[in-house]
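Take full-length UniProt numbering: the final residue in the first sequence is number 368, and no numbers are missing along the way. Notes to accompany the following structure.
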Amino acid sequence: MTERQEIIKNQVNVEQFREDLLNWFTEEQRELPWRQDQDPYKVWVSEIMLQQTKVDTVIPYFNRFVSQFPTIEALSKAEEEKVLKAWEGLGYYSRARNLHAAVKEVHEKYGGKVPNTPKEIAGLKGVGPYTAGAILSIAYGVPEPAVDGNVMRVLSRILSIWEDIAKPKTRKTFEEAVRVLISHENPSYFNQALMELGALICTPTSPSCLLCPVREHCHAFDEGTVTELPVKTKSKKQKTVQLAAVVLTDENGRTLIHKRPNTGLLANLWEFPNMEIVQVLRSEKTQLEEKLLEDYQAKVEVGEMITRIEHVFSHLIWNINVYSGKLIDLKEEKEDLRRVNAEEIEPFPFPVSHQKMLKFLPEQVKKG
DNA sequence: CACCCGTGGCA
DNA sequence: TTGCCAAGGGT
């Protein structure tokens, strides 16, 4: 046991802390779709979706996802486009692509059974230290730490830890703490209880200390420093990028869409033709027409601006001026460049910013 | 380690 | 309105 772990052991009555925490969780835990059973696959899917994403947002996505892809087998055989479509609007799309790749690996390499050792689990794409611990403890009852933002907030207060939780190495401090505190009787409930407490009671602002089941163990409560913890340095402001996009219509009422590259921002999602506006000497209309000709060999006529869309990412802001336009001539469609009518566009996954352009699609051409 | 990677809700 | 926040991982 490390020196730091010795200190922690002397800070709290470990046995009593576990009992109080587990009793509270047993009584007060929310009924959530992924708590109906301990199917490792469903635990896995839920944990990936819950990364940086609120429970209320995840619930409908989770239900649709496991309904559409009920098993490792089903997901491993799905087309990526279908998986991304199911993820549409949830954000951080590399989660979906990594999950898909990792599930294929489990299907082929582990006979469709989610592995239950730290090394094998952590080797899967998209499964980092938190998710590995979460799957191991929740699905398999292995006493591994699962340290997320909730756990760091809760334990920083309980144990009065003043390390900056924005620093990557700080997570190790909390993993050490969890290894001291965790119930070997019920690691699943213990890890979930810490997170549930962070979500329901020990919240970032105005925590409900008077309702807290482990208030008697809380050093920050004793010291009156609950609102000062956790320590977290501020992130820097997002940069703003000016974009121009165009909803093009050909003589048959079809519109031009483009698949983004398979790496980077919004990878493999579809979008309306667009470009970053760097200089303002020439009109956006002219720049769009030249861009479409050069990049796609598409002759177009850009018309009026039809809307403006602001899209805030975690690290940047898009300001998009959206134009309507006519597609005069297109040399050829490619894998990543398609002409579709309103009826055909449904299967293509779009980021939220471009979903907002869908309502400017031309009316579907009447047949016959 | 620092930066990249979405989105929606809320004080 | 602005900034912060959420069951993080990849590079």
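For each residue, glycine too, the CB sits at the ideal point set by N, CA and C. Since this is a predicted model, take the numbers as computed values, not measurements.
Leaving aside the five residues that flank Lys-104 on each side, the residues in its chain whose CB is nearer than 7 Å to its CB run, in chain order, Ser-76. Below 8 Å, enough C-beta pairs join the region 298-308 and the region 324-341 to call them touching: three or more.
Membership of Ser-46 in the alpha helix (DSSP H) is indicated by the continuous run 40-49. The beta carbon of Arg-338 sits closer than 7 Å to the beta carbons of Ile-257 from its chain, once the five residues preceding and following it are set aside; these are given in chain order. When DSSP assignments are scanned along the region 316-356, the uninterrupted stretches of beta strand (DSSP E) that are 3 or more residues long and fall wholly within it turn out to be 316-330 and 337-340. For Asn-268, the secondary structure class from DSSP, reduced to helix, strand or coil, is coil. In the structure shown, Lys-113 adopts coil according to DSSP, grouped into three states. Taking 4 residues as the minimum length, the alpha helix (DSSP H) runs contained wholly in the UniProt domain "HhH-GPD" (49-200) are 55-68, 72-76, 80-87, 94-109, 118-122, 129-140, 149-158, 170-181 and 187-200, in order along the chain. In this structure, the CA atom of Glu-19 is about 12 Å from the CA atom of Val-12. Here His-217 is buried. Its C-beta has 16 or more other C-beta atoms within 10 Å.
Assignment of beta-bridge partners to Arg-308 by DSSP yields Asn-321.
Pairwise C-beta distances place the region 122-137 out of contact with the region 155-166, as fewer than three of them are shorter than 8 Å. Between Leu-50 and Glu-290, the alpha-carbon positions lie close to 42 Å from each other. Of the candidates Tyr-41, Leu-197, Lys-172 and Phe-360, Phe-360 places its Cα closest to the Cα of Leu-248.
No Cβ-Cβ contact shorter than 8 Å links Glu-73 with Ile-135.
Secondary structure within the region 236-287: the beta strand (DSSP E) runs of 3 or more consecutive residues, fully enclosed, are 239-249, 255-259 and 274-276 (chain order). Contact between the region 34-42 and the region 195-206 is absent, with fewer than three C-beta pairs closer than 8 Å. In the three-state reduction of the DSSP assignment, Lys-299 falls in the strand class. Its Cα nearest to that of Asp-250, the residue Ala-342 stands out among Leu-229, Pro-347 and Ala-342. With a contact defined as Cβ atoms closer than 8 Å, Gln-238 and Ile-309 miss out at about 16 Å.
The alpha-carbon of Ile-121 is positioned some 19 Å away from that of Trp-34. Checking the DSSP bridge columns, you'll see Val-14 has no partner listed. Between the alpha carbons of His-311 and Glu-163 lies a gap of roughly 33 Å.
When Glu-31, Phe-65, Val-154 and Ser-314 are compared, the shortest CA-CA separation from Leu-266 is found for Ser-314.
By a beta-carbon distance limit of 8 Å, Leu-21 does not contact Ala-166. Their separation comes to about 26 Å. Comparing C-alpha distances from Pro-349 to each of Ser-67, Ile-8 and Glu-88 shows the shortest one belongs to Glu-88.
By the CB criterion at 8 Å, Glu-176 and Thr-2 fall inside the cutoff.
The beta carbon of Trp-44 sits closer than 7 Å to the beta carbons of Val-114 and Ile-135 from its chain, once the five residues preceding and following it are set aside; these are given in chain order.
Under DSSP, Val-226 forms no beta bridge with any residue.
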